[in-house]
Amino acid sequence: MNRKISKTNENRAFFNARLDEIRMSGHERLRAKARMAQAEAIADAVFALIGWGKRLLKSPVARTMRHPTASAG
Numbered sequence: 005m006n007r008k009i010s011k012t013n014e015n016r017a018f019f020n021a022r023l024d025e026i027r028m029s030g031h032e033r034l035r036a037k038a039r040m041a042q043a044e045a046i047a048d049a050v051f052a053l054i055g056w057g058k059r060l061l062k063s064p065v066a067r068t069m070r071h072p073t074a075s076a077g
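Structure below.
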């Protein structure tokens, strides 16, 4: 996935710097950064699924299923 949808991708350095300012152990800091990366990956997956759903609804098959035909009436 080359396209970065999430706005946190642009500010990752900012958030990592903010995490580095917080007093915590190295292990906790590493876990916090991993959780942030995990949350970002989940958000990207959700946006990808939404985009897939939009493309599916725009497909010709979906359009014919939404509109009743003349013989259906």
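At position 6 of the sequence shown (counting the first as 1) the number is 10 in the numbering used here, and the numbers step up by one without a gap.
All C-beta atoms, glycine included, are put in the ideal place defined by N, C-alpha and C.
Every value quoted in this text rests on a predicted model; they were computed, and no experiment measured them.
Please confirm whether Phe19 and Met40 have their CB atoms less than 8 Å apart. yes
Can you grab the Cα-Cα spacing for the pair His31 / Lys37, in whole Å? 10 Å
Expressed to the nearest angstrom, what Euclidean distance is found between the alpha-carbon atoms of Leu23 and Val50? 25 Å
Classification of Met5 by the beta-carbon crowding that lies within 10 angstroms, buried from 16 upward: Residue placement at Met5 is flagged as unreliable, the pLDDT there being 46, under the threshold of 50; the coordinate-derived value follows with that caveat. Counting Cβ neighbours within 10 Å, Met5 comes out exposed, since fewer than 16 surround it.
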